[in-house]
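Here the protein sequences come in this chain order: A and X. Using this note's numbering, read the first sequence as starting at 2 and increasing by one per residue. Using this note's numbering, read the second sequence as starting at 2 and increasing by one per residue.
Number of protein chains: 2
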Amino acid sequence: MASRTEITRARLQACALELFLARGFDATTVTEIADAAGVSHMTFFRHFPTKESVLLDDPYDPLVADAVVAQPSDLPTLERVRRGLLAAWSAAPEPVDTETRARISLIADHPGLRARSWENTQRTEDVIVTALTGEGVPRLEARVAAAACLGAIMAALLDWGSDDAGEPLGARLASALGQLAPPPVDVPPPVDDPPPGDLP
Amino acid sequence: MASRTEITRARLQACALELFLARGFDATTVTEIADAAGVSHMTFFRHFPTKESVLLDDPYDPLVADAVVAQPSDLPTLERVRRGLLAAWSAAPEPVDTETRARISLIADHPGLRARSWENTQRTEDVIVTALTGEGVPRLEARVAAAACLGAIMAALLDWGSDDAGEPLGARLASALGQLAPPPVDVPPPVDDPPPGDLP
DNA sequence: GGAGCAATGTTAGTCACTAACATCGCTCCC
DNA sequence: GGGAGCGATGTTAGTGACTAACATTGCTCC
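Next comes the structure, spelled out in structure tokens:
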């Protein structure tokens, strides 16, 4: 059931999105959003801690961590995280309506918002890293695997936001993570890394 | 030669770092930094556009893009970017003094600063992506490769910032990028991705 | 019908950041 | 040597995000 506060919250989000699309994020003040929603600016901040968060409140799931941990533990960590994220998405793909698209577009075209949205991603990263280190995976290894996979996902998401080109989001995400997959056995000749000898 | 403005700028940076370490980033006001440096708060903003930028002004190099493009173009894009970044680092490893360490520590322990520093990384990403797409690499592919590699580097950097543990930074960066390398031919049995059929 | 609580409003403040204009100090040129 | 001119800085006044403290409203449950 939709309580009073949930209604207010939803109206604030809707009015904010509308104003952001009409005038741009920076040119819209919190007071204007609150006025449009018929509340005071204090009510806005009781529902959203910052102006950005009215666009960015993706409740990043802890079940992503479960999906990662559920992958076979003898896989390299990167591959484990990659398959976990793939599994989490196909288990519960987020609905992609016009409004979501508009939100992501706004974020993709605004460096400050892109940066802030990375804060959400970092929370997801933390959840994954905590789950993996709890299983004995070295912390740096877990962090790098999570950051690389989430970086790829973010790139695909923002790329889709700044230019849809008709391709569905799910396909782009799958293709992004596919790039991080180990190659099909023989395509690139196995070459060693350049000698890291002179790294300080 | 150090012009007057360069001296002022350096003093602002030094005073800011000192105050941030003593009281924390949020508890330090720009006016306090300016006072400590013996200038007005307006002078601060003439040298740094934001309070964060006094910590984050890493001039992210365009020669990274050159190093990436210089890698063999028949490699998969991810591997090309990975080797390019490795080459760029070993060609010009950034000096790691106490002050740099303190700066990165401050950033690593502050979610807002971590997010902002991602803005710098995005500029590097843009440079790499522009260079690669100029060579015919599909945009999404270039973005994903750059984001994954830079995500791994950021993770290693912040991990090092939040807990040095004596290991040199260069070793951590090399190990982070090493995780993204194609596996040595046979370790993980070549398994197909889970069927992506139901992706919307 | 009133007690109590949750949501909201009011007011006053701090701080990051900007714009407009004044001043100071150095250099260069006569 | 003495201004002219210019770059760096100061002053002042303002906007807007965000916070804290306290008042008010309106609904629910006894």
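Even glycine gets a Cβ: it sits at the ideal position worked out from N, Cα and C. Since the model is a prediction, treat every value here as computed from it, not as a measurement.
Task: Buried or exposed by the 16-neighbour rule on C-beta atoms within 10 Å, applied to A:His-42 - done: The residue you call residue 42 of chain A lines up with position 41 of the first sequence. Exposed.
- [ ] Pick out whichever of X:Arg-24, X:Asp-160 and X:Leu-178 has its Cα sitting closest to the Cα of X:Ser-106.
- [x] Looking up residue 106 of chain X in the second sequence gives position 105. The option with the nearest alpha carbon to X:Ser-106 is X:Asp-160.
Task: Cβ of X:Pro-184 within 9 angstroms of any chain A Cβ - done: Translated into the one-based positions of the second sequence, residue 184 of chain X becomes position 183. So yes, X:Pro-184 belongs to the interface.
Task: A:Ser-163 CB to nearest heavy atom of the ligand ADP below 8 angstroms - done: No copy of the ligand ADP appears in this structure; indeed no ligand is present at all.
- [ ] For the segment 23 to 46 of chain X, enumerate the residues whose C-beta is nearer than 8 angstroms to any C-beta of chain A, in chain order.
- [x] none
Task: Cβ separation of A:Ala-153 and X:Ala-148, assumed to be a contact under 8 angstroms, to the nearest whole Å - done: Position 152 of the first sequence, counted from the start, is the residue given in the question as residue 153 of chain A. Position 147 of the second sequence, counted from the start, is the residue given in the question as residue 148 of chain X. Going by Cβ atoms, the distance from A:Ala-153 to X:Ala-148 rounds to 6 angstroms, so yes, they are a contact pair.
- [ ] Whole angstroms is fine: what's the gap from A:Glu-33's alpha carbon to A:Asp-127's?
- [x] To locate residue 33 of chain A, count along the first sequence from 1; it is residue 32. To locate residue 127 of chain A, count along the first sequence from 1; it is residue 126. Rounded to the nearest angstrom, the two C-alpha atoms are 35 angstroms apart.
Task: Element boundaries [alpha helix (DSSP H), containing A:Glu-142] - done: Position 141 of the first sequence holds residue 142 of chain A. Its alpha helix (DSSP H) spans residues 140 to 163.
Open item on the list: Using a Cβ-Cβ cutoff of less than 7 angstroms, which residues in the same chain neighbour A:Thr-122 once the five nearest sequence positions on both sides are dropped?
Closed with: Looking up residue 122 of chain A in the first sequence gives position 121. Cβ neighbours of A:Thr-122 beyond the five flanking positions: Leu-151 and Met-155.
Task: DSSP three-state assignment for X:Leu-76, whether helix, strand or coil - done: Taking the first residue of the second sequence as 1, we reach residue 76 of chain X at position 75. X:Leu-76: coil per DSSP, three-state reduction.
Task: Any C-beta of chain A under 9 angstroms from that of X:Val-69 - done: As a first step, residue 69 of chain X is located in the second sequence; it is residue number 68 there, counting from the start. Closer than 9 angstroms: no.
- [ ] Decide if the segment 126 to 145 of chain A is in contact with the segment 66 to 79 of chain A; the criterion is three or more beta carbon pairs, one per stretch, under 8 angstroms apart.
- [x] yes
Task: Test: X:Thr-78 CB closer than 9 angstroms to a CB of chain A - done: For the purposes of this step, residue 78 of chain X is taken as residue 77 along the second sequence, with counting starting at 1. Yes, its Cβ sits closer than 9 angstroms to a Cβ of chain A.
TODO: Can you tell me which of X:Leu-86, X:Val-97 and X:Arg-24 puts its alpha carbon nearest to the alpha carbon of X:Ala-68?
DONE: Start at 1 with the first residue of the second sequence, and residue 68 of chain X comes out as number 67. The residue with the shortest Cα to Cα distance from X:Ala-68 is X:Leu-86.
Task: Where A:Thr-101 falls: helix, strand or coil (DSSP) - done: Position 100 of the first sequence, counted from the start, is the residue given in the question as residue 101 of chain A. Note: A:Thr-101 maps to helix in three-state DSSP.
- [ ] Can you give me the Cβ contacts of A:Leu-170 inside the same chain, cut-off strictly under 7 angstroms, excluding the 5 residues immediately before and after it?
- [x] Locating residue 170 of chain A in the first sequence gives position 169, where the first residue counts as 1. Closer than 7 angstroms at Cβ, skipping near neighbours: Val-97 and Trp-161.
TODO: Give me the Cα-Cα distance between X:Leu-200 and A:Leu-133, rounded to the nearest whole angstrom.
DONE: On the second sequence, position 199 is the one that residue 200 of chain X refers to. On the first sequence, position 132 is the one that residue 133 of chain A refers to. The pLDDT assigned to X:Leu-200 is 42, lower than 50, so where the model puts this residue is not dependable, and the model offers no usable value.
Task: Through-space distance from A:Glu-168 to X:Thr-101, alpha-carbon basis - done: Counted from its first residue, the second sequence places residue 101 of chain X at position 100. Counted from its first residue, the first sequence places residue 168 of chain A at position 167. Between X:Thr-101 and A:Glu-168, the C-alpha separation is close to 43 angstroms.
Open item on the list: Quick check: X:Glu-53 and X:Gly-113, are their CB atoms within less than 9 angstroms of each other?
Closed with: Residue 53 of chain X sits at position 52 when you count from the first residue of the second sequence. Residue 113 of chain X sits at position 112 when you count from the first residue of the second sequence. Going by C-beta atoms, X:Glu-53 is nearer than 9 angstroms to X:Gly-113.
Open item on the list: Quick check on the DSSP output: the alpha helix (DSSP H) that includes X:Pro-112 runs from which residue to which?
Closed with: Position 111 of the second sequence, counted from the first residue, corresponds to residue 112 of chain X. 112 to 134 is the span of the alpha helix (DSSP H), which, as asked, contains X:Pro-112.
TODO: Measuring only between beta-carbons, confirm whether A:Leu-141 sits less than 9 angstroms from chain X.
DONE: Your numbering for residue 141 of chain A matches position 140 in the first sequence. Yes, A:Leu-141 lies at the interface with chain X (some Cβ there is under 9 angstroms from its Cβ).
- [ ] Kindly indicate the opening and closing residues of the alpha helix (DSSP H) around X:Phe-26.
- [x] Within the second sequence, the letter at position 25 stands for residue 26 of chain X. No alpha helix (DSSP H) contains X:Phe-26, which DSSP labels as neither H nor E.
- [ ] Could you tell me whether the Cβ of X:Arg-117 comes closer than 9 angstroms to any Cβ of chain A?
- [x] Counting from one through the second sequence, the residue named residue 117 of chain X turns up at place 116. So yes, X:Arg-117 belongs to the interface.
Task: Within 7 angstroms of chain A by C-beta, residues of the segment 132 to 156 of chain X in sequence order - done: Arg-140, Leu-141, Glu-142, Arg-144, Val-145, Ala-146, Ala-148, Ala-149, Leu-151, Gly-152, Ala-153, Met-155 and Ala-156
Open item on the list: Quick check on this structure: which residue in X:Ala-11, X:Arg-84 and X:Leu-64 has the alpha carbon closest to the alpha carbon of X:Pro-73?
Closed with: Looking up residue 73 of chain X in the second sequence gives position 72. Here the closest residue by C-alpha is X:Arg-84.
- [ ] State the DSSP-derived secondary structure class of X:Glu-95, mapped to helix, strand or coil.
- [x] Taking the second sequence and counting its residues from 1, one reaches residue 95 of chain X at position 94. Coil, per DSSP.
Task: Contact set between the segment 89 to 111 of chain A and chain X, restricted to residues whose Cβ is under 8 angstroms from the partner - done: Trp-90, Ser-91, Pro-94 and Val-97
Open item on the list: Relative to the C-alpha of A:His-48, which candidate in A:Arg-117, A:Gln-14, A:Thr-29 and A:Asp-27 has its C-alpha closest?
Closed with: Sequence index remark: in the first sequence, residue 48 of chain A carries index 47 (1-based). That would be A:Gln-14, whose Cα lies nearest to the Cα of A:His-48.
TODO: Classify X:Arg-203 as buried or exposed, calling it buried when 16 or more other Cβ atoms lie within 10 Å of its own Cβ.
DONE: Past the edges of chain X, shown from 2 to 201, lies residue 203 of chain X, and the structure says nothing about it.
- [ ] Quick one: grab the DSSP three-state call for A:Gly-39.
- [x] Residue 39 of chain A sits at position 38 when you count from the first residue of the first sequence. In the structure shown, A:Gly-39 sits in coil (DSSP, three-state: anything other than H, G, I, E or B).
- [ ] Say whether chain A places a C-beta atom closer than 9 angstroms to the C-beta of X:Asp-58.
- [x] Position 57 of the second sequence, counted from the start, is the residue given in the question as residue 58 of chain X. With 9 angstroms as the cut-off, X:Asp-58 does not count as an interface residue toward chain A.
Task: Rounded straight-line distance, which links the Cα of A:Glu-95 to that of A:Ala-175 - done: In the first sequence, residue 175 of chain A corresponds to position 174, counting from 1. In the first sequence, residue 95 of chain A corresponds to position 94, counting from 1. Their Cα atoms are separated by approximately 14 angstroms.
Task: Other residues of its chain near X:Ala-157: CB distance less than 6 angstroms, five sequence neighbours each side excluded - done: As a first step, residue 157 of chain X must be located in the second sequence, where it is residue number 156. Around X:Ala-157: Arg-173, Leu-174 and Ala-177.
Open item on the list: Tell me the residue span of the alpha helix (DSSP H) that contains X:Gly-171.
Closed with: On the second sequence, residue 171 of chain X is found 170 positions in, with the first residue counted as 1. First-last of the alpha helix (DSSP H) with X:Gly-171: 170 to 180.
Open item on the list: With a threshold of 9 angstroms between beta carbons, is X:Gln-14 in contact with chain A?
Closed with: For this step, residue 14 of chain X is matched to residue 13 along the second sequence. No, X:Gln-14 lies away from the interface with chain A (no Cβ there is under 9 angstroms from its Cβ).
TODO: Could you tell me if X:Pro-183 is buried or exposed, where buried requires 16 or more neighbouring beta carbons within 10 angstroms of its beta carbon?
DONE: Numbered from its first residue, the second sequence carries residue 183 of chain X at position 182. Buried, because 16 or more other Cβ atoms sit within 10 Å of the Cβ of X:Pro-183.
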